[in-house]
Every structure is written in C-alpha cells, then in structure tokens.
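So for the sequence shown, this note's numbering puts the first residue at 3; every next one is plus one. Here a beta-carbon is modelled for each residue, glycine too, at the ideal position from N, C-alpha and C. Note that the structure is predicted; figures quoted are calculated from it, not measured. Below is one structure, written out as structure tokens; the observations come after it.
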Amino acid sequence: MASEPVFHRYVALGDSFTEGVGDPDKRRPNGLRGWADRVAEVLATKSDDFRYANLAVRGRLLKPVIAEQLEPALRLSPDLVTVYAGGNDILRPKVDLDLLGELYDAAIGRLAVSGGRIVMFTGYDLGYAPVFGKLRGRVAIYNELVREIADKHGATVVDFWRFREYRDDRYWDIDRLHLSSHGHKQMAIHVLDTLGISHELKKPRLPKAEPPSKRQRRDADLQWAKEFAVPWVQRRLNGTSSGDAVKPKRPTLDRI
C-alpha cells in the first residue's frame with residue numbers, strides 16, 4: 003500500500019470559493035476560514051515545516067486571477083497548488099468559454115513546469131437551481147475544458163459537479179452563491195480524500211430544517227433578490243466588484 007503524500011508548501015489560488023466566503027471566522031485574516039484553511043490545518047499535522055498561503059480574492063474573474071496570483075504563487079515554489087477560477091466569468095451575461103480554456107491552460111501549464119501537485123475543480127451542477135439552472139450548459143462545457151487541461155498537465159481534479167449532497171440548501175450561504183460553513187467543511191473532506199490524505203474530519207451535522215411552504219419559498223426568493231441579486235447586478239452595471247478593496251488573506255507562506 004502506497005504511503006500518503008506529504009506537502010510542505012501549499013498555495014491556494016482563486017476567487018471567493020477559495021478565499022472562504024460564507025465561512026466567517028473573526029479570528030482569521032479577512033474574517034474567513036473556508037475549505038482551504040481546513041485542508042491546510044490537516045496538512046500541517048503531517049509535516050513539521052508546513053507553510054500555507056492563500057492568494058484568492060472574492061469577485062475575481064479568471065483573467066485577473068491569473069494576472070494577480072500566478073507569478074506570486076510561482077515565487078513561493080509550492081509543492082501543492084489548488085486553483086479554482088472561471089466561476090465568476092460563467093455568471094456574466096456573455097462569456098467566451100474557449101478563450102477561458104486557453105487562458106486557464108496556459109496558466110496551469112506554467113504551474114505544472116514548477117513541479118508541484120496541482121488540484122483543479124469542476125464547477126457545480128446547477129441543474130436543480132431555479133435561477134442559476136439556465137447556466138448548466140455553460141458549466142458543463144467549462145468542466146470538460148477543466149478535465150482536458152488537467153489531463154494535459156497531470157493535474158488532479160476535485161469533481162464538484164458530482165457532489166450531489168450540495169443540492170441541500172444547508173450547504174450554501176444565504177446568498178445562494180457561496181458555500182456555508184457546512185459546505186466548506188464538506189469540501190475540505192472532498193479535497194483531502196481526492197489527494198489521499200488521511201484525516202479525522204467528519205461529515206457536517208446539519209441543523210434540522212422543515213421543507214418551506216410555497217409562500218415561504220416565494221418570500222425567501224423575494225428577500226434574496228432584494229439583498230443579493232439586485233446589488234450583484236448593480237455592481238456589474240457599475241463595473242465594480244465585491245473584491246475591489248480586498249487583499250489576499252495569506253499572501254506569504256506561514257504556519258497555519
């Protein structure tokens with residue numbers, strides 16, 4: 003039986019998914035924990051000299067993720083890199099998925115040359131979602147590009163598309179765009195399992211929830227539109243982002 007891998011320098015790249023939005027913790031940089039922090043906490047128990055950096059910033063499109071985070075990541079000489087980017091592009095009214103794939107391919111190629119283990123993510127299957135379900139086809143095409151890029155460069159894929167437990171609303175934050183604390187914990191488990199890392203994380207114990215009535219669902223949808231959907235559209239129209247004033251929460255390799 004092969005021994006599990008041991009990592010010493012882990013760098014996480016991406017957007018809000020990797021920054022940890024939806025998993026608040028006032029004790030941590032940017033007030034967030036997230037799945038990447040949780041993964042790093044486990045990896046730190048496997049190596050005395052383990053260090054972790056998280057360069058992800060919420061709201062970033064794929065091109066800015068590459069432009070702002072790739073070179074700093076390479077300078078840190080990581081032996082493990084996780085990267086998820088493109089989700090914000092898919093949400094835009096128009097997106098060139100082929101161009102997205104070309105940019106992603108070039109970036110992963112540069113990371114691969116550095117010799118570290120690379121972990122990529124497919125996008126989640128939105129088919130069940132009443133509002134975002136129309137984007138299911140985009141996500142499916144994006145996922146095929148991710149798998150092709152991963153095959154080309156020997157990257158590992160965490161296949162979010164197939165994680166059916168995320169059809170439970172309790173795995174999502176109230177904005178319906180980001181994982182909840184339960185969702186982040188479950189994602190950490192998936193990442194560690196995919197890497198073949200032993201751990202003691204347990205599936206989240208979800209709070210009890212009664213199925214909402216039609217009226218409750220309608221009221222919740224209206225409240226969501228007012229608090230989250232409308233501001234999101236306004237930011238798109240104004241050319242602003244939720245991450246404009248946000249800095250990477252862990253820009254250097256440090257102990258977790």
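Check                                                                                                                                                                                                : Outcome
Terminal residues of the continuous alpha helix (DSSP H) containing tyrosine 126?                                                                                                                    : Counting along the chain, tyrosine 126 falls outside any alpha helix (DSSP H), and DSSP gives it neither H nor E.
Does the stretch 206-221 come into contact with the stretch 9-16, if we say contact requires no fewer than three beta-carbon pairs (one atom in each stretch) closer than 8 angstroms?               : no
Comparing alpha-carbon positions, which option in Ala131, His192, Asp107 lies nearest aspartate 171?                                                                                                 : Ala131
Using a Cβ-Cβ cut-off of 6 angstroms (strictly less than) and excluding sequence neighbours within five positions of aspartate 107, which residues of its own chain qualify?                         : Ile151
If I'm right that phenylalanine 123 touches tyrosine 173 with Cβ under 8 angstroms, what's the distance once you round it to whole angstroms?                                                        : Actually they are not in contact, since the Cβ atoms of phenylalanine 123 and tyrosine 173 sit about 15 angstroms apart, beyond 8 angstroms.
Does the beta-carbon of threonine 47 have 16 or more other beta-carbons within 10 angstroms, so that it is buried, or is it exposed?                                                                 : exposed
Alpha carbon to alpha carbon, how far is arginine 29 from asparagine 56?                                                                                                                             : 16 angstroms
Is aspartate 177 close to chain B? Criterion is C-beta to C-beta, closer than 8 angstroms.                                                                                                           : Considering every chain present, this structure includes no chain B. It has just one protein chain.
Determine the direct distance from the alpha carbon of valine 23 to that of leucine 181, and round the result to whole angstroms.                                                                    : 7 angstroms
How many Å lie between serine 5 and serine 49 at the Cα?                                                                                                                                             : 14 angstroms
Near glycine 36, which residues of its chain fall below 6 angstroms by C-beta distance, leaving aside the five closest residues on each side in sequence?                                            : Gly22, Asp25, His186
Would you call leucine 105 buried or exposed, if buried means 16 or more other Cβ atoms sit within 10 Å of its Cβ?                                                                                   : buried
When DSSP labels each residue in this structure, what does threonine 20 get in the three-state scheme?                                                                                               : helix
If you run the structure through DSSP and keep just helix, strand and coil, what is threonine 196?                                                                                                   : helix
With DSSP as the reference, label leucine 64 as helix, strand or coil.                                                                                                                               : helix
Is arginine 166 helix, strand or coil by DSSP?                                                                                                                                                       : helix
Could you name the residues of the same chain whose beta carbon sits closer than 6 angstroms to that of isoleucine 258, not counting the 5 residues immediately before and after it, in chain order? : Ala42, Glu43, Ala46, Tyr54
Give the single residue among Phe52, Leu63, Gly33 whose Cα lies nearest to the Cα of aspartate 246.                                                                                                  : Leu63
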